[in-house]
Amino acid sequence: MDLRYADTLHDTFTATARRHPDAIALGGDGATTSYAELAARAARLTARLRAAGVGAGEPVALRVGRGPDAVVGILGILGAGCAYVPVDPAYPEARQAFLLADTAVRHSVTHHGADLRVVTRDGGPPPRALPPGTAYVIHTSGSTGQPKGVMVGHQQVLALFAACVPIFEVDDRDVWSVFHSTSFDFSVWEMWGALLHGGRAVIVPEAAAYDPGRLLALLDRERVTVCSQVPTPFRYLVDAARRQGTALPALRHLVLGGEPADLAVVADWRRQGHAPRCRVSNMYGITETTVHVTHTFLTGDESPPLPGATPIGRALPHLAVELVDEDRRPVPDGTPGEMVVHGAGVAYGYLGNPALTAARFPGGDRYRSGDWAVRAADGTLYHLGRQDDQVQVRGYRVELGEVAAAVRSHPAVNACVVTAPSRGEARILVAHVQLAEGMPASAADLRAHTAAVLPAHLVPSRFLAHETFPVTASGKVDRAALDAPAAARH
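See the structure below:
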């Protein structure tokens, strides 16, 4: 199809809306919105933002939950020449307050009855300066105990689709499910995959997002052709498909990302045969490199060269992946190395953190991922895991240090180490704590405290109390020993 994108996401959408005014842009929950209607609603919001005095290029908070209004909010903010900052209303108040303070937004888009309104902050510091062309700032988990905002531009997103559309052969006949929150950059792929190309975006309601049976019914009813899933919920979807026998004849692509794919689950899905036209893609990606970095089609029969390795294919055409050792020297095929990504998808850096930006974005044109991989002789990349304390839990990238910092802020906690062991088919977060003498705290107390400052996906599933932490010969905390079955429960 024609991939002559405009300079920005919203201008490309506007051109698409002019070509397909009566086509359905948004669906789900029995309601539909045409391209013309969506463009008109977004234009009204843009006018409200300008009337409120928004300045071109400044960040604007999107305080809208799951649903069509989130799409209107994004389009309206971008139309005003601003960048959107997703602030999920379901997040704890402390988390929301941090995101608003970190970006120093003057304006927020929120719900107001059946429409959206603009709320303006009086006084305070000016909004954070953003690089020209920034489309959004999405906060990822931070090892220092605070989230870090990643600044991504229009051109990076457009480069992603220019690279991917030929692979997936998507066009205006496709129906994309929008399963993920705007706070998770998988939503960027889902939403713009439809709206840049004249397709239909089906907003998955919360009830279906947490109920695989309902999700299957929605995929069938809406005749979804492109569905994106994190491997953990995909496993539940496959189980539900086995029980219900739901046929999905329209589904062409199922895209996995956010955490390592389980080849056995992929093989199970293919054996069931509920979606005979469907190809399964595994796409390794990072927020800092604009959603996706690599691509491969999976059969479930792949044979990784190392135990625990996950096939992630090759770099997308607009990117390159180099594997380097700890001294940043390239490693030969068959030798594990850190993935360094460079190309048109690399983000602008971290908001208000030039030191971290310089360390992780050397030269400004590449990103040190902290992920380890190995390249086979045929060029296929296999992901091996994290280099540091950053892990994937239910599709979310989690800095264990951030979770530990939140638990340590409880007055009864002297020390905390957070681990992410595998339990059955998925990872869980476990907080290991040492309590202050004479200050008892139950697991329920610690969970409630942590839930007040962190979003639900960062709250540990278990809290274990220890008098002392086991250590290795080098004096470091022995994380493997912490997760041993004999550990005391609290």
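Numbering (our numbering), first residue to last: -4 to 485. For glycine and all other residues, C-beta sits at the position ideal for the given N, C-alpha and C.
- Contact between the region 284 to 301 and the region 141 to 157 is present, with at least three C-beta pairs closer than 8 Å.
- Within 10 angstroms of the beta-carbon of ASP257 lie 16 or more other beta-carbons, which makes it buried.
- For GLY74, same chain residues with a beta-carbon under 7 Å away, outside a window of 5 residues either side, are HIS5, ALA37, ALA38 and THR41 in chain order.
- When the beta-carbon positions are compared, ALA51 and GLY71 stay at least 8 Å from each other.
- Look at the region 353 to 415 and you find these whole runs of alpha helix (DSSP H), each 4 residues long or longer: 395 to 403.
- When the beta-carbon positions are compared, ALA56 and LEU95 come within less than 8 Å of each other.
- Under the three-state reduction of DSSP, LEU(-2) is assigned to coil, being neither helix nor strand.
- With at least 16 other beta carbons inside 10 angstroms of its own, VAL454 counts as buried.
- Under DSSP, GLY308 shares a beta bridge with LEU376.
- Here VAL49 has VAL55, ALA75, CYS77 and HIS102 as same chain residues with Cβ atoms under 7 Å from its own Cβ, once five neighbours each way along the sequence are excluded.
- Nearest neighbour of HIS107 by Cα position, chosen from GLY68, TYR79 and SER182, turns out to be GLY68.
- Close CB contacts of TYR391 within its chain, under the 6 Å cut and outside five residues either way in sequence, are with HIS452 (chain order).
- Contact check for ALA158 against LEU293 fails: the beta carbons are separated by 8 Å or more.
- Bounds of the alpha helix (DSSP H) holding SER182 are 181 to 190.
- A Cβ-Cβ distance of about 6 Å is found for the pair HIS378 and TYR279, placing them in contact under the 8 Å criterion.
- Within the region 75 to 110, the runs of beta strand (DSSP E) at least 3 residues long that lie entirely inside it are, in chain order, 78 to 81 and 102 to 107.
- The residues VAL386, VAL388, VAL393, LEU395, ARG422, ILE423, LEU424 and VAL425, in chain order, have a CB closer than 8 Å to that of ALA415 in the same chain once the five nearest residues on each side in sequence are set aside.
- For CYS222, the secondary structure class from DSSP, reduced to helix, strand or coil, is strand.
- Counting C-beta atoms within 10 angstroms of its own C-beta, GLY188 has 16 or more neighbours from the protein chains shown and is therefore classed as buried.
- Assigned with DSSP and collapsed to three states, PHE174 falls in coil, not helix or strand.
- Bridge partners of ARG116 according to DSSP: none are assigned.
- Using a C-beta cut-off of 8 Å, the region 201 to 220 makes no contact with the region 27 to 37, since fewer than three inter-stretch Cβ pairs fall below that distance.
- Within the region 435 to 483, the alpha helix (DSSP H) runs of at least 4 residues that lie entirely inside it are, in chain order, 438 to 446 and 474 to 477.
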